[in-house]
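S.K.: Let me give you the structure first, and then I'll get to my questions.
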Amino acid sequence: MSYIDNTRCIAEIYKDGIAIASTESALSYDSAAEVSLKSLPFEDGEAVFISAFSGTGLDGANAAEIRISIPAIAKILAIVRHSPFWCRPAFCGSTAAVPDNTQALLIKRADDAYDCIVPLVGDTYKSVISGGDDGVRVRVFSGVDGIGVIDSHPAFVRTTASSPMDAVNSAARRISRLLPNCRLRSERKMPEVSERLGWCSWDALHIFVNKRELLEKAAEFAEKKVPVGYAIIDDMWADCTLIDVFPRELECDETMIPTMHKARMRDFSGDPLRFPDGMADAISALKAAGIPNVGIWFPTTGYWYGLEPSGPLAEEFRDRLINGAGDRLIIKPESDAADSWFAFLCARVRSWGGDFVKIDNQGFHRYYSGICPVGKSAAVIQQAIDKAVFGYFDGALINCMGMPNECMFNRPESAVSRCSDDFQPENAEWFTKNILQCSFNGLLQGRFFVNDWDMWWTDDGQAVKNGLCRAISGGPVYLSDKIGRTRPEILAPIILKDGRLLRCDESAAPTPDSLFDDPRSSGRPFKIRNTIKGCGLVACFNLDAGNAPVTGRISPSDALLTGTEFICREFFSGETVKLRAGEAIEFRLVSRDDIKLYSFCPAGGCDVVPLGRTDLYTGVGAVSAFADGRLTLAEGGRIAFYSEKKLKITAEGLEISSERKGNVYTADVP
Numbered sequence: 108m109s110y111i112d113n114t115r116c117i118a119e120i121y122k123d124g125i126a127i128a129s130t131e132s133a134l135s136y137d138s139a140a141e142v143s144l145k146s147l148p149f150e151d152g153e154a155v156f157i158s159a160f161s162g163t164g165l166d167g168a169n170a171a172e173i174r175i176s177i178p179a180i181a182k183i184l185a186i187v188r189h190s191p192f193w194c195r196p197a198f199c200g201s202t203a204a205v206p207d208n209t210q211a212l213l214i215k216r217a218d219d220a221y222d223c224i225v226p227l228v229g230d231t232y233k234s235v236i237s238g239g240d241d242g243v244r245v246r247v248f249s250g251v252d253g254i255g256v257i258d259s260h261p262a263f264v265r266t267t268a269s270s271p272m273d274a275v276n277s278a279a280r281r282i283s284r285l286l287p288n289c290r291l292r293s294e295r296k297m298p299e300v301s302e303r304l305g306w307c308s309w310d311a312l313h314i315f316v317n318k319r320e321l322l323e324k325a326a327e328f329a330e331k332k333v334p335v336g337y338a339i340i341d342d343m344w345a346d347c348t349l350i351d352v353f354p355r356e357l358e359c360d361e362t363m364i365p366t367m368h369k370a371r372m373r374d375f376s377g378d379p380l381r382f383p384d385g386m387a388d389a390i391s392a393l394k395a396a397g398i399p400n401v402g403i404w405f406p407t408t409g410y411w412y413g414l415e416p417s418g419p420l421a422e423e424f425r426d427r428l429i430n431g432a433g434d435r436l437i438i439k440p441e442s443d444a445a446d447s448w449f450a451f452l453c454a455r456v457r458s459w460g461g462d463f464v465k466i467d468n469q470g471f472h473r474y475y476s477g478i479c480p481v482g483k484s485a486a487v488i489q490q491a492i493d494k495a496v497f498g499y500f501d502g503a504l505i506n507c508m509g510m511p512n513e514c515m516f517n518r519p520e521s522a523v524s525r526c527s528d529d530f531q532p533e534n535a536e537w538f539t540k541n542i543l544q545c546s547f548n549g550l551l552q553g554r555f556f557v558n559d560w561d562m563w564w565t566d567d568g569q570a571v572k573n574g575l576c577r578a579i580s581g582g583p584v585y586l587s588d589k590i591g592r593t594r595p596e597i598l599a600p601i602i603l604k605d606g607r608l609l610r611c612d613e614s615a616a617p618t619p620d621s622l623f624d625d626p627r628s629s630g631r632p633f634k635i636r637n638t639i640k641g642c643g644l645v646a647c648f649n650l651d652a653g654n655a656p657v658t659g660r661i662s663p664s665d666a667l668l669t670g671t672e673f674i675c676r677e678f679f680s681g682e683t684v685k686l687r688a689g690e691a692i693e694f695r696l697v698s699r700d701d702i703k704l705y706s707f708c709p710a711g712g713c714d715v716v717p718l719g720r721t722d723l724y725t726g727v728g729a730v731s732a733f734a735d736g737r738l739t740l741a742e743g744g745r746i747a748f749y750s751e752k753k754l755k756i757t758a759e760g761l762e763i764s765s766e767r768k769g770n771v772y773t774a775d776v777p
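One point on numbering: in our numbering, the residue at position 132 of the sequence shown is 239, and numbering is uninterrupted.
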């Protein structure tokens with residue numbers, strides 16, 4: 108029995124939905140069933156461990172459960188694994204509404220304190236949360252028949268704080284200390300290649316990717332002077348089965364994805380028809396065409412349905428493969444096999460001249476169901492991926508389709524991880540889905556990783572909004588424009604002239620007042636926040652399902668800033684005001700196409716406040732240093748200052764002309 112902040116935890120073992128053992132009762136339908144809890148208190152919460160034994164096994168259908176009653180709830184936010192690969196938010200009015208497979212709970216209590224509960228993963232078992240009328244349950248299972256012994260499994264962490272982000276941050280810190288393969292975002296190395304604008308072939312070419320059209324797109328970038336720093340050669344470049352079943356004119360019809368997912372890889376080499384001279388030739392040609400870095404996409408399983416049994420790749424790895432769920436031929440979940448598999452794939456890409464990889468399908472561990480405990484398979488695979496990528500690419504990797512906790516908490520070093528389902532072009536409803544997924548996944552996944560908001564189109568109807576989201580996301584920015592359709596003007600507010608990003612400090616997340624109410628029906632704007640160079644950024648969107656106007660308030664506290672005075676500037680209108688602590692601005696978004704971006708620069712005790720580049724979404728980050736009236740910039744451009752006194756602006760000793768409106772000075776700095 109364990110008690111957490113007057114909240115009672117009861118451990119039980121369930122079989123077919125019926126409790127067969129409990130810490131509260133000696134009666135049991137299974138005489139071999141035993142269960143006990145242990146708690147490890149820390150400064151603002153507790154980690155709970157479970158030990159259990161059941162003769163029926165704890166494979167998933169049967170599980171050990173920890174029932175937690177949670178009194179005096181005001182609101183609940185759940186981060187839910189809604190597919191084997193991805194998470195999204197759920198706004199819950201009660202514990203009964205908490206979905207199955209919840210990976211994190213943020214609870215606003217009636218006393219205005221906040222609880223964060225995160226289920227954990229051990230070397231054998233994993234935990235998930237589900238709702239109930241009398242509280243929530245943390246279910247603990249292995250995914251394998253016949254394993255019924257739990258020896259002090261880390262079941263969950265629970266923290267309490269006076270603010271929601273303090274509760275989440277405390278939970279993340281504790282998890283990083285408890286789990287041996289888990290590190291915080293600040294402890295990971297961002298790949299240098301991801302600091303520049305990129306392009307991915309997927310939404311441009313889909314499964315028809317080929318050397319000729321890759322070079323056409325590179326030529327377009329050169330002609331339009333778009334400084335693309337890298338390209339990703341994405342899905343279906345390799346020698347796979349079923350590759351010729353789609354006529355090109357079908358592009359991406361409803362049969363393409365299901366058929367792709369039945370295809371197997373024959374060999375880890377370029378398709379002989381579309382890459383007749385091999386992948387090394389294609390990569391070399393792309394670099395010669397002006398794209399300095401090239402990455403290769405592949406899934407953990409070789410291809411979506413594993414390996415073709417009669418192919419050369421299967422023959423080479425024959426003794427290290429296993430038939431997983433659905434008769435998929437995949438790598439064994441053993442360290443030696445997995446290490447050799449990912450080392451082989453990464454070494455091959457490196458030998459072609461590739462600079463990084465994107466590894467997809469990381470949440471595939473259900474294919475080992477009945478074969479290997481999920482805790483073990485996840486640790487083996489994720490560690491093998493990072494080991495190979497750091498060995499061949501110094502950690503330059505995009506992790507993809509890997510949001511389950513067993514993936515996140517077993518990824519020891521790599522920094523970048525996708526945080527949403529695939530981009531859907533020309534789809535306004537998808538934009539709402541994406542911004543909710545990515546920003547709310549910034550709460551938990553963003554504590555551990557640099558979140559990747561996925562590719563996008565510059566000529567999409569949501570292009571400006573998509574570009575703004577990615578600019579303040581704190582992660583990589585890469586396009587998937589079709590040939591001939593890139594719009595440089597959409598990119599102008601996002602990148603420096605050489606393609607570098609002024610990247611924010613964290614993974615963007617909702618502001619505190621946007622956490623618990625569904626913005627599609629709340630009648631209020633949805634706001635996401637980040638910081639850069641000591642300044643705050645808050646982007647505001649209208650996500651109302653009926654496209655009705657919404658009104659709201661904005662203040663420095665939305666960006667989690669503390670201080671006495673700030674200069675607030677709205678990017679699109681240029682409106683600039685001074686705000687003191689506790690003050691706010693009211694604003695209105697008339698439709699779903701109306702957006703605002705506010706920057707907050709600390710001004711307490713300052714005669715002059717540099718506001719950075721006025722033509723860049725993250726322009727406050729263009730100021731590299733400011734002291735004694737001297738300013739260092741990442742790049743010249745249109746610069747703004749706030750001063751209640753008259754200013755003279757010089758660049759390298761020469762006075763330059765400036766324009767003054769109220770207390771705001773702007774000047775074009777060469």
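For glycine and all other residues, C-beta sits at the position ideal for the given N, C-alpha and C. None of the values given here were measured: they were computed from a predicted structure.
#1: Label residue 776 either buried or exposed according to how many other C-beta atoms from any shown protein chain fall within 10 Å of its C-beta, with 16 as the threshold for buried.
#2: List, from N- to C-terminal side, the beta strand (DSSP E) runs of 3 residues or more that fit wholly inside the stretch 564-596.
#3: I'd like to check one pair, residue 522 with residue 579: are the Cβ atoms closer than 7 Å?
#4: Can you tell me which residues form a DSSP beta bridge with residue 523?
#5: Please identify the residue among 624, 507 and 515 whose C-alpha is closest to the C-alpha of residue 485.
#6: Residue 684 and residue 666 - do their beta-carbons sit closer together than 7 Å?
#7: How many angstroms separate the CA atom of residue 712 from the CA atom of residue 172?
#8: Could you tell me whether the stretch 703-718 touches the stretch 675-691, where touching means 3 or more Cβ pairs closer than 8 Å?
#9: What span of residues does the alpha helix (DSSP H) with residue 281 cover, start to end?
#10: Could you check which residue in 648, 165 and 311 has the C-alpha nearest to that of residue 252?
#11: Give the secondary structure of residue 699 by DSSP, where H, G and I count as helix, E and B as strand, and everything else as coil.
#12: Under the rule that 16 or more other beta-carbon atoms within 10 Å means buried, what is residue 368, buried or exposed?
#13: Less than 7 Å separating the beta-carbons of residue 336 and residue 304?
#14: If we count the other Cβ atoms within 10 Å of its Cβ and call it buried at 16 or more, is residue 331 buried or exposed?
#15: Am I right that residue 553 and residue 292 are in contact with their C-beta atoms under 8 Å? What's the rounded C-beta distance?
#16: Determine, using beta carbons only, whether residue 414 and residue 371 come nearer to each other than 7 Å.
#17: In the DSSP output, what is residue 430 paired with across the bridge?
#18: Give the single residue among 249, 364 and 505 whose Cα lies nearest to the Cα of residue 584.
#19: Closest to residue 550 by CA distance: which of 599, 622 and 491 is it?
#20: Going by beta carbon distance, what residues of the same chain come within less than 6 Å of residue 479, once the five residues before and after it are set aside?
#21: With DSSP run on the structure shown, which of helix, strand or coil describes residue 350?
#22: Three-state secondary structure (DSSP) at residue 694?
#23: When you compare the CB positions of residue 470 and residue 192, do they come within less than 7 Å of one another, or not?
#24: Might you give, ordered along the chain, the residues of its own chain that have their beta carbon closer than 8 Å to the beta carbon of residue 387, omitting 5 neighbours on each side?
#25: Around the C-beta of residue 588, are 16 or more other C-beta atoms found within 10 angstroms, so that it is buried, or is it exposed?
#26: Classify residue 575 as buried or exposed, calling it buried when 16 or more other Cβ atoms lie within 10 Å of its own Cβ.
#27: Below 6 Å CB to CB, which residues in the same chain sit around residue 545 once its five sequence neighbours on both sides are set aside?
#28: Taking the straight line between their C-alpha atoms, what separation do you get for residue 325 and residue 242?
#29: Closer than 8 Å is the cut-off here; do at least three beta carbon pairs connect the stretch 219-226 with the stretch 270-277?
#30: Note down, in chain order, each residue of its chain lying with its Cβ closer than 6 Å to the Cβ of residue 723, except the 5 sequence neighbours on either side.
#31: Taking residue 372 as part of the beta strand (DSSP E), name the residues at either end of that continuous run.
#32: Which of the three DSSP states, helix, strand or coil, is assigned to residue 162?
M.R.: With the structure as the only source:
#1: As a first step, residue 776 is located in the sequence shown; it is residue number 669 there, counting from the start. That one is buried.
#2: none
#3: Locating residue 579 in the sequence shown gives position 472, where the first residue counts as 1. Locating residue 522 in the sequence shown gives position 415, where the first residue counts as 1. It is not a contact, given that the beta carbons lie outside the stated cut-off.
#4: For this step, residue 523 is matched to residue 416 along the sequence shown. DSSP, once it has assigned bridges, lists 505 and 557 as partnering residue 523.
#5: The sequence position of residue 485 within the sequence shown is 378, counting from 1. It is 515 whose Cα lies nearest to the Cα of residue 485.
#6: Residue 666 sits at position 559 when you count from the first residue of the sequence shown. Residue 684 sits at position 577 when you count from the first residue of the sequence shown. No. Outside cutoff.
#7: As a first step, residue 712 is located in the sequence shown; it is residue number 605 there, counting from the start. As a first step, residue 172 is located in the sequence shown; it is residue number 65 there, counting from the start. Rounded to whole angstroms, residue 712 to residue 172 spans 55 Å at the Cα level.
#8: yes
#9: Here residue 281 refers to the residue found at position 174 of the sequence shown. Where residue 281 is concerned, the enclosing alpha helix (DSSP H) stretches over 271-285.
#10: Start at 1 with the first residue of the sequence shown, and residue 252 comes out as number 145. It is 165.
#11: For the purposes of this step, residue 699 is taken as the residue at position 592 of the sequence shown. Looking at residue 699 - three-state DSSP - the assignment turns out to be coil, as it is neither helix nor strand.
#12: The sequence position of residue 368 within the sequence shown is 261, counting from 1. That one is exposed.
#13: In the sequence shown, the residue the question calls residue 336 occupies position 229. In the sequence shown, the residue the question calls residue 304 occupies position 197. Result yes, Cβ atoms of residue 336 and residue 304 sit closer than 7 Å.
#14: As a first step, residue 331 must be located in the sequence shown, where it is residue number 224. Looking at its Cβ environment, which holds fewer than 16 other Cβ atoms inside 10 Å, residue 331 is exposed.
#15: Taking the sequence shown and counting its residues from 1, the one referred to as residue 553 is at position 446. Taking the sequence shown and counting its residues from 1, the one referred to as residue 292 is at position 185. Confirmed, Cβ separation roughly 7 Å.
#16: Taking the sequence shown and counting its residues from 1, one reaches residue 414 at position 307. Taking the sequence shown and counting its residues from 1, one reaches residue 371 at position 264. Going by C-beta atoms, residue 414 is nearer than 7 Å to residue 371.
#17: Start at 1 with the first residue of the sequence shown, and residue 430 comes out as number 323. 436, per the DSSP bridge assignment.
#18: Taking the first residue of the sequence shown as 1, we reach residue 584 at position 477. Here the closest residue by C-alpha is 505.
#19: Counted from its first residue, the sequence shown places residue 550 at position 443. If we check each option's Cα against that of residue 550, 622 comes out closest.
#20: Position 372 of the sequence shown, counting from 1, holds the residue named residue 479. Hits under 6 Å: 440.
#21: Numbered from 1 along the sequence shown, position 243 holds the residue referred to as residue 350. Looking at residue 350 - three-state DSSP - the assignment turns out to be coil, as it is neither helix nor strand.
#22: Taking the first residue of the sequence shown as 1, we reach residue 694 at position 587. If DSSP states are grouped into helix, strand and coil, residue 694 belongs with the strands.
#23: Translated into positions along the sequence shown, residue 470 becomes position 363. Translated into positions along the sequence shown, residue 192 becomes position 85. Contact flag set, yes.
#24: Reading the sequence shown from its first residue, position 280 is the one you call residue 387. If we look at residue 387 and ignore the five residues flanking it on each side, its Cβ neighbours are 458, 459 and 460.
#25: The residue labelled residue 588 in the question sits at position 481 within the sequence shown. Looking at its Cβ environment, which holds 16 or more other Cβ atoms inside 10 Å, residue 588 is buried.
#26: For this step, residue 575 is matched to residue 468 along the sequence shown. Buried.
#27: The residue you call residue 545 lines up with position 438 of the sequence shown. Answer for residue 545: 526, 527 and 560, listed in chain order.
#28: Here residue 325 is taken as the residue at index 218 of the sequence shown, counted from 1. Here residue 242 is taken as the residue at index 135 of the sequence shown, counted from 1. So the two alpha carbons sit approximately 56 Å from each other.
#29: yes
#30: Along the sequence shown, one-based indexing puts residue 723 at 616. Cβ neighbours of residue 723 beyond the five flanking positions: 600.
#31: Taking the first residue of the sequence shown as 1, we reach residue 372 at position 265. Note, residue 372: beta strand (DSSP E), 372-377.
#32: Within the sequence shown, numbered from 1, the residue matching residue 162 stands at position 55. Residue 162 falls in the coil class under three-state DSSP.
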